[in-house]
Amino acid sequence: MALKKLILQIALILFLSLIIGLGINFSLIKKYFLGDFRFGFISLEEYDSITFITLGEAEGLFSEGETLFIDSRPKEAFQAGHILGAVNIPFEEYKKEKALDLIFLPPEETVVVYCDGSECHSSLELAKVLHQKGLLDIRIFFGGWVEWTNEGLPVSSEK
Amino acid sequence: MIRNKYILLAFRLVVGGMFTWAGVSKIIDPLGFAQNMANYRVFPQGISFFLALILPWAEIICGVFLILGIFRYASALLLSGFLAVFLVLITVTIIRGIDIDCGCFGSLSGKVDYKLIMADSILLFFSLNIYFSRKAVRQ
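Protein chains in written order, with my numbering: chain A, 87 to 245; chain B, 285 to 423.
Below is the structure:
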């Protein structure tokens, strides 16, 4: 009997959490089903300078040759291989060394930020920092290094 | 098992207070917490999202209930379950060598490391003591 009461109480707590959690965040749930958070959990209204781009779009920008590609992976990964012409801003290392404040890029510069692929999130975190620094056009290439190399697109290495 | 009612009250206040604080810090930024969950690379995107909306409220409700003494054993058992899952998740993350913020206290979170395992283990000890004091009361 006591066990039944305990289970009922737990069920009630979980039910309350479910109702409140889903009820209060109804607008976010609507956005979720509209596909807003397919790549990362950021509010695209708050971060209005950030857009997510596909491999095709990244390739197009690369061919035009006017866009700065930023690789947010660790230094060793970058040195082993990166998108041709990309610069390295290793997000985790910079964060640890509190060096993110030192990044300077002109606000009007269009940048493409990437990391390994959909499994990594440093590109998203770096894009947020760049947004706070006032950059107006930040593209996150979520397919990243994995998609780029799978397609055999131009790369270079420092080894 | 500790039976002293004053120590058990202190455990309830500590565990309840910690989880209430943790829950509130997460509901302020649900998307940030969803991203924290996704960073563990265990849950699919959808599960990370819905867990991030519901879990903080479960933490707050259990935390407040523990402090007020409402459904205290159910709350302690549920929080013990959460802590056990967190411990597994933290251990797996350390073994996999993934360097991320734990997401435990929203934007104020620290890194996933051995200190976090210690802190969670202490909270688990406290909450299990609260739960098992139920049997002592019944006897």
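A virtual CB, placed ideally from N, CA and C, is assigned to each residue, including glycine. Values in this document were obtained by computation on a predicted structure and should not be read as measured data.
Taking the alpha helix (DSSP H) that residue i belongs to, which residues open and close that run?
{"i": "R296 of chain B", "result": "289-311"}
{"i": "K181 of chain A", "result": "177-182"}
{"i": "G107 of chain A", "result": "88-110"}
{"i": "V376 of chain B", "result": "356-380"}
{"i": "K214 of chain A", "result": "208-218"}
{"i": "E237 of chain A", "result": "First-last for E237 of chain A: undefined, no H or E at that position."}
Please name the residue or residues paired with residue i in a DSSP beta bridge.
{"i": "T196 of chain A", "result": "A:D223"}
{"i": "H168 of chain A", "result": "A:S242"}
{"i": "T140 of chain A", "result": "Bridge partners of T140 of chain A: none, in fact."}
{"i": "V326 of chain B", "result": "Answer is none; V326 of chain B lacks a bridge partner."}
{"i": "N413 of chain B", "result": "The partner list for N413 of chain B (beta bridge, DSSP) is empty, contrary to what the question assumes."}
{"i": "N174 of chain A", "result": "A:D157"}
{"i": "D385 of chain B", "result": "B:K395"}
Got a sec? Which residues, its chain only, sit under 6 Å from residue i by beta carbon, not counting five neighbours each side?
{"i": "N174 of chain A", "result": "D157, F164"}
{"i": "F416 of chain B", "result": "M285"}
{"i": "F389 of chain B", "result": "A306, S309"}
{"i": "T153 of chain A", "result": "L147, T196, V198"}
{"i": "H168 of chain A", "result": "D157"}
{"i": "R225 of chain A", "result": "T137, I139, V198"}
Quick one: residues in its chain with C-beta nearer than 7 Å to the C-beta of residue i, no 5 flanking neighbours on either side, listed in chain order?
{"i": "I99 of chain A", "result": "none"}
{"i": "E145 of chain A", "result": "L239"}
{"i": "F295 of chain B", "result": "F410, N413, I414"}
{"i": "M321 of chain B", "result": "F327, S332, L335, A336, G387"}
{"i": "D122 of chain A", "result": "L130"}
{"i": "G126 of chain A", "result": "H207, L210"}
{"i": "A172 of chain A", "result": "F155, I156, D157"}
{"i": "L373 of chain B", "result": "Y324, V326"}
From what residue to what residue does the beta strand (DSSP E) around residue i run?
{"i": "F155 of chain A", "result": "154-157"}
Beta carbon of residue i: closer than 8 Å to some heavy atom of the ligand HEM?
{"i": "I354 of chain B", "result": "This structure does not include the ligand HEM; it has no bound ligands of any sort."}
Beta-carbon within less than 8 Å of residue i's beta-carbon, same chain only, minus the 5 sequence neighbours each way: which residues are those?
{"i": "G220 of chain A", "result": "P193"}
{"i": "E343 of chain B", "result": "F303, T304, A306, G307, K310, L363, F366"}
Taking residue i and residue j to be in contact with their CB atoms under 8 Å, please state how far apart those CB atoms are, rounded to whole angstroms.
{"i": "F155 of chain A", "j": "L212 of chain A", "result": "Rounded, the Cβ-Cβ distance is 12 Å, inconsistent with contact."}
{"i": "G301 of chain B", "j": "G347 of chain B", "result": "7 Å"}
Along the stretch 149-181 of chain A, what residues have a CB closer than 7 Å to any CB found in chain B? E178
Residues from the stretch 102-135 of chain A in contact with chain B, defined by Cβ distance under 8 Å: Per Cβ criterion, the list reads L102, S103, L104, I106, G107, L108, I110, N111, L114, I115, Y118, F123, R124, G126, F127, I128, S129.
Proximal residues, the stretch 303-323 of chain B versus chain A, C-beta separation under 8 Å: I311, P314, L315, G316, A318, Q319, A322, N323
Using a Cβ-Cβ cutoff of 8 Å, what residues of the stretch 355-380 of chain B are near chain A? List them in chain order. F355, Y357, A358, S359, L361, L362
Residues in the stretch 323-335 of chain B with C-beta within 9 Å of chain A's C-beta atoms, listed in sequence order? N323, R325, Q329, G330, S332, F333, F334
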